[in-house]
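Step one of this worksheet: look at the structure below.
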Amino acid sequence: MRSKIKSAALAFATLLVAAVFTPAALAETYIVLYKGGASTAKAGEWIERSGGTVVANYGEIGVVVAKSTSPTFTQAMQGGTGIENVALSQAVAKVEQPLAVEGDLPNAPATPDSLAALQWDMRQIHAFEAHATTGGSPAVVTGILDTGLDKDHPDLVQNIDFSRSVSCESGVPVSAPAAWDDHNGHGTHTAGTIAAADNGFGITGVAPNTKIAAVKSSNDDGYFFVEMVVCAFMHSAKVQLDVTNNSYFMDPYLYNCRNDRAQRTLWKAAKRAIDYAQKQGVTVVAAEGNQSDDLSHPQIDDISPDFPPGEEVLRDVTNACVVVPVEVDGVIGVTAVGNTKQVDGDDDPNDYLKSYYSSYGVSTADVTAPGGDFFYGRGTDGQPFGLVLSTWPSESFCRRSVKEDPAGPAVGLTTYCYLQGTSMASPHAAGLAALIISRYGDLKNPQNGKMRPGQVEALMQQTADSQPCPTELPLQGAAGSSRANTPYANTRRPSGDLQECQGGPGHNSWYGSGQINALRAVLHQTGN
Numbered sequence: 038m039r040s041k042i043k044s045a046a047l048a049f050a051t052l053l054v055a056a057v058f059t060p061a062a063l064a065e066t067y068i069v070l071y072k073g074g075a076s077t078a079k080a081g082e083w084i085e086r087s088g089g090t091v092v093a094n095y096g097e098i099g100v101v102v103a104k105s106t107s108p109t110f111t112q113a114m115q116g117g118t119g120i121e122n123v124a125l126s127q128a129v130a131k132v133e134q135p136l137a138v139e140g141d142l143p144n145a146p147a148t149p150d151s152l153a154a155l156q157w158d159m160r161q162i163h164a165f166e167a168h169a170t171t172g173g174s175p176a177v178v179t180g181i182l183d184t185g186l187d188k189d190h191p192d193l194v195q196n197i198d199f200s201r202s203v204s205c206e207s208g209v210p211v212s213a214p215a216a217w218d219d220h221n222g223h224g225t226h227t228a229g230t231i232a233a234a235d236n237g238f239g240i241t242g243v244a245p246n247t248k249i250a251a252v253k254s255s256n257d258d259g260y261f262f263v264e265m266v267v268c269a270f271m272h273s274a275k276v277q278l279d280v281t282n283n284s285y286f287m288d289p290y291l292y293n294c295r296n297d298r299a300q301r302t303l304w305k306a307a308k309r310a311i312d313y314a315q316k317q318g319v320t321v322v323a324a325e326g327n328q329s330d331d332l333s334h335p336q337i338d339d340i341s342p343d344f345p346p347g348e349e350v351l352r353d354v355t356n357a358c359v360v361v362p363v364e365v366d367g368v369i370g371v372t373a374v375g376n377t378k379q380v381d382g383d384d385d386p387n388d389y390l391k392s393y394y395s396s397y398g399v400s401t402a403d404v405t406a407p408g409g410d411f412f413y414g415r416g417t418d419g420q421p422f423g424l425v426l427s428t429w430p431s432e433s434f435c436r437r438s439v440k441e442d443p444a445g446p447a448v449g450l451t452t453y454c455y456l457q458g459t460s461m462a463s464p465h466a467a468g469l470a471a472l473i474i475s476r477y478g479d480l481k482n483p484q485n486g487k488m489r490p491g492q493v494e495a496l497m498q499q500t501a502d503s504q505p506c507p508t509e510l511p512l513q514g515a516a517g518s519s520r521a522n523t524p525y526a527n528t529r530r531p532s533g534d535l536q537e538c539q540g541g542p543g544h545n546s547w548y549g550s551g552q553i554n555a556l557r558a559v560l561h562q563t564g565n
């Protein structure tokens, strides 16, 4: 999930480029929403008559992605039969292989790899202990809906399902590996947390014996526009992925306000695609966000629209405004915790404090998982920065990295990067979903999915380590950091209000049903 960047120089440079190089005839991307959830067979004919071309027609959900250079395209389309609405995908214009054969039913155990000592996050959710029972099944595939995958990373390559991997950057699936290769790093990092291989070197993922598929849902700058998101979920359903991890919010709006006609169109198109994937058996896991905000009671949005950079405006938002995908029904919402034990009046060793940046919400947070906390989350096991270590493309910049030599100079150094964010928390839960499906799903004769998404979510919540709201918050950050003398409470919501935890130990706005516990999940130890 991108962090908010404010730079007058950057904003000026972006506007200057747009003014000089954006021709009037540059094709813009539109979402055409049809009534009743099904686009007509004559969609292409009407779009062409209105001055556009069809990029993709997702007839199952009544969504068409189109391009047009006509300034009157939206108005011309409104008269078409069955059309509910038409909206620009972005704030402004901007420049099949066969399915893999599913495995049998192996649920082989796994062992920690060479960098396991740095994986405090895996110890915190008892993943290594769970691996003594199972590392998952190769019949289970998780889609990485992100910036792509480093297809050559030695700690990932044996677990990548190339036949299901695509890029959806254009709004239509493209299977060439060069199209879905990761030039950003974000997707490779989330992938390693889910399924870095059990191979003796580097790190070990939550579900190291399962498979992953790249479903590139953004451009290389990390923008996830609606046509990419719709394409990604429709592809996930078509190729029967079992889980998807979604560590992003759909651009260009953090909050899509359903009382605005254009934003409602974008929200509804994405929702239809997500609903469709879930009905096909895809378990959808998503990050809550890094805005320190209460998604159940939003007040201010100061980062939208986020494309192009520098165009954001301060606006009031209400519960009519939602974050996609985490606030879509049935999506498993994940908040982030660090490695600091919280003060809450009980002696449970599994109670960890919410990361200072993590968004939350009593109606959106289902579980919590390690996302790291550089300032307030460096516990005794959080070495060395309280951040999450995972796989990273060697050519991409990482401020804090670890190099590993897996097989001598012939292979070269393999890169791992320390990051923090709910983007890092969500893949822990997605990996656990893959373990749960491996352990309890119907791997040989699946019917609309190996395991129903609601069943996966229920077991994840029932086996989580529940925890109450904290009774005290830290008065200072990590020694030597910029927040060494700053109380946690000073990390406020965008509105300026304090972050408040609401609810009891069974379910609350900061932790949902609690921190995921992989060992309890694979042993089916419910209740806490």
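Numbering of the sequence shown is given in the working numbering, commencing with residue 38 and proceeding in unit increments. Don't be surprised by glycine CBs; every beta carbon is placed ideally from N, CA and C. Predicted model, so just to flag it, every value in this text is computed and none were measured.
Collapsed DSSP secondary structure at residue i in the structure displayed
i    : result
P490 : helix
N236 : coil
V138 : Residue confidence for V138 is low, a pLDDT of 34 falling below 50, so the modelled location carries little weight; the figure read from the coordinates is stated next. Correct three-state label for V138: coil.
V559 : helix
T59  : Confidence in T59 is poor, its pLDDT being 35 and thus under 50, which makes the residue's placement unreliable; the coordinate value appears in the next sentence. Here T59 sits in coil by DSSP.
A447 : Low per-residue confidence applies at A447: pLDDT is 40, beneath 50, and the placement is therefore not dependable, though the value from the model is reported in the following sentence. In the structure shown, A447 sits in coil (DSSP, three-state: anything other than H, G, I, E or B).
Q317 : coil
A571 : Residue 571 lies beyond the residue range present for the chain, which begins at 38 and ends at 565; the question has no answer from this structure.
L496 : helix
A130 : Residue placement at A130 cannot be trusted, given a pLDDT of 32 that sits under 50; the coordinates are not used to answer.
L152 : coil
V194 : helix
K104 : strand
I249 : strand
E166 : helix
K308 : helix
I369 : strand
T528 : coil
Unbroken beta strand (DSSP E) run spanning residue i, endpoints
i    : result
W429 : 425 to 429
P214 : No beta strand (DSSP E) holds P214; the alpha helix (DSSP H) holding it covers 214 to 217.
E566 : This structure gives no information on residue 566, because the portion of the chain shown stretches from 38 to 565.
D339 : 337 to 341
A402 : Premise fails: A402 is in no beta strand (DSSP E) and is neither H nor E.
E441 : 438 to 441
Short Cβ contact (7 Å threshold) for residue i with residue j
i    : j    : result
P430 : D150 : no
V559 : T179 : no
V243 : A164 : yes
A501 : S550 : yes
F344 : Y260 : yes
L580 : V319 : Absent from the structure is residue 580, since the part of the chain shown begins at 38 and ends at 565.
A228 : F270 : no
P210 : H168 : no
A406 : I553 : yes
V361 : M287 : yes
S400 : S333 : yes
Y393 : T184 : no
V354 : P335 : yes
P289 : P342 : yes
K104 : V123 : no
P464 : I249 : no
D330 : P531 : yes
Whole-number beta carbon distance between residue j and residue i, since they are thought to touch under 8 Å
i    : j    : result
G514 : F412 : 4 Å
M497 : A470 : 7 Å
S126 : T66  : 4 Å
D410 : G375 : 3 Å
G119 : Y71  : 5 Å
P507 : Q317 : About 39 Å; that fails the 8 Å criterion.
I84  : V69  : 7 Å
L152 : L426 : 7 Å
A233 : P245 : 6 Å
G408 : T459 : 5 Å
Where the alpha helix (DSSP H) containing residue i begins and where it ends
i    : result
T459 : 459 to 477
L456 : Premise fails: L456 lies in the beta strand (DSSP E), 451 to 456, not in any alpha helix (DSSP H).
I84  : 80 to 86
E264 : 263 to 275
E121 : E121 -> not in any alpha helix (DSSP H); beta strand (DSSP E) instead, spanning 120 to 125.
T111 : 110 to 114
D158 : 157 to 161
CB contact check: residue i to chain C, cutoff 7 Å
i    : result
T405 : Of the protein chains in this structure there is only one, and it is not chain C.
Are at least three pairs of beta-carbons, each pair with one atom in the segment 318 to 331 and one in the segment 376 to 385, less than 8 Å apart?
no
Pair every Cβ in the segment 291 to 299 with every Cβ in the segment 252 to 259, then say whether three or more of these pairs are closer than 8 Å.
no
Decide if the segment 389 to 399 is in contact with the segment 474 to 488; the criterion is three or more beta carbon pairs, one per stretch, under 8 Å apart.
Result no; under three Cβ-Cβ pairs closer than 8 Å.
Evaluate contact between the segment 263 to 283 and the segment 195 to 215, counting only Cβ atoms and requiring at least three cross-stretch pairs below 8 Å.
yes
Check whether the segment 189 to 200 touches the segment 221 to 240, taking contact to mean three or more Cβ pairs, one atom from each stretch, closer than 8 Å.
yes
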